[in-house]
Amino acid sequence: MKRNSWIRKQGWVGYVFILPNMLGILAFFILPALYSFFMMFTDYQFANPNWTFTGLDNIKRLFGDDQFYASIKYTIIFLMSVPVSLAIAFLVALVLNRSVYLKGLLRGMFFLPYISSGVAVAFVWMLLFQPSQGPINEVLRFIGIVSPPGWFADSSSAMYAIDVVQIWFMLGYNMIIYLAALQEISTEQLEAARIDGAGKATITWRIVWPLVSPTTFMLLITGLIMTVKSFSLIQAITGGGPSGSTTILSLFVYKTAFSYYEMGYASTISWFLFAVILVITIIQWVGQKRWVHY
1 MKRNSWIRKQ GWVGYVFILP NMLGILAFFI LPALYSFFMM FTDYQFANPN
51 WTFTGLDNIK RLFGDDQFYA SIKYTIIFLM SVPVSLAIAF LVALVLNRSV
101 YLKGLLRGMF FLPYISSGVA VAFVWMLLFQ PSQGPINEVL RFIGIVSPPG
151 WFADSSSAMY AIDVVQIWFM LGYNMIIYLA ALQEISTEQL EAARIDGAGK
201 ATITWRIVWP LVSPTTFMLL ITGLIMTVKS FSLIQAITGG GPSGSTTILS
251 LFVYKTAFSY YEMGYASTIS WFLFAVILVI TIIQWVGQKR WVHY
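Right, dumping it as structure tokens:
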């Protein structure tokens, strides 16, 4: 009896310790989310406190908004950076997991961008991609390309230039996680494959890749979610321009809410963004049964 009483007492102590965190989640996440769900059915504007209930008008407006469809297109292009970054990070991790000269320094150099300020990263890449005097276009002109891309200044190339920055930014983090997974692989398995005559490519594709597939699954889900929600990098580099060509869904929410002050419509877009993230997660969770090996 005393033991059960002691266990219950310990349980209450645990609840007391997590209470501040739970209150923070309730106050800053759950209640605002519920309030935004309510605002989705109103015409509430930040500059006008007098709002009315509009039913499904915001949802109808959303699916008739050309800018909304454009933001979906740019979001899909932005999401393409995730698998590309994972593929490059996996190859880099394979190299740095072997006996490479100064591999400790190289690991740190690859990881450094991820812990750098997003604004600083944006400023550096704005200089690199500067159309007239940037070093990248200078190199392209030197090798014979007379009219190199305008990168961030050109609506046809701006989103792809943002993808390059995102791939570079996430590469170090993905590489470190892959390195941790590679170092958990038993050397006996790899040695047995070599004795059986398997080459490096076969070992990588048939043994190493399946063994790190849980890590790939985790990085893919978190990477897609982080990319869909990404805001600061694009806002710092292009602000959604030129001509809205880098306005992804998260930036579309921000502009609608804090540039046009249409909180009701912005809430509708944000809940659609939540639905997109949920669908991506469900698809990955169902699809992982085919290619993730635990």
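With the first letter of the sequence shown counted as 1, position 261 gets the number 261 in the UniProt record's numbering; the numbers rise by one all the way through.
C-beta: ideal position from N, C-alpha, C; glycine also.
Burial state of residue i (16 or more Cβ within 10 Å)
i	result
M175	buried
residue 298	The structure shown does not extend to residue 298, since the chain spans only 1 to 294, so no value can be given for it.
V282	It is worth fixing the name first, because residue 282 is Ile in this sequence and not Val. The residue is exposed, with fewer than 16 neighbouring Cβ atoms inside 10 Å.
M263	buried
Y178	buried
V208	buried
Residue i at chain C interface by Cβ criterion, 8 Å
i	result
G223	Protein chain content of the structure displayed is limited to a single chain, and chain C is not contained in it.
CB contact flag (residue i, residue j, <8 Å)
i	j	result
S267	M39	yes
S81	Q166	yes
F111	G172	yes
L219	L86	yes
L94	V100	no
A265	N58	Looking at the sequence itself, residue 265 is Tyr, so the reference to Ala does not match. It is a contact, given that the beta carbons lie within the stated cut-off.
T42	F53	yes
I234	I277	no
W271	F17	no
G104	S232	no
P135	R141	no
Q67	F217	no
For residue i, three-class secondary structure by DSSP
i	result
F53	strand
N48	strand
T238	coil
T42	strand
A193	helix
N137	helix
V183	A small fix is needed here, since residue 183 is Gln in this sequence, not Val. Three-state result, Q183: coil.
R61	helix
M80	coil
Y265	helix
R206	helix
R98	coil
Pairwise C-alpha distance: residue j and residue i
i	j	result
P113	L190	32 Å
F274	G144	46 Å
residue 295	Y15	Any question about residue 295 goes unanswered here, given that the chain covers just 1 to 294.
Y254	S186	48 Å
V13	L26	20 Å
A47	W285	42 Å
G197	I203	10 Å
R61	M170	35 Å
W291	A89	19 Å
V124	W168	12 Å
Y69	F63	8 Å
V139	L79	28 Å
L102	V121	25 Å
I269	H293	36 Å
S250	Q288	27 Å
L182	I195	20 Å
Could you tell me whether the segment 232-249 touches the segment 70-77, where touching means 3 or more Cβ pairs closer than 8 Å?
Taking one beta carbon from each stretch, the segment 232-249 and the segment 70-77 have 3 or more pairs nearer than 8 Å; the two touch.
So does the segment 148-163 actually touch the segment 119-131, counting three or more Cβ pairs closer than 8 Å?
At 8 Å Cβ cutoff, the stretches touch.
Do the segment 207-217 and the segment 235-243 make contact, defined as three or more Cβ pairs closer than 8 Å?
Result no; under three Cβ-Cβ pairs closer than 8 Å.
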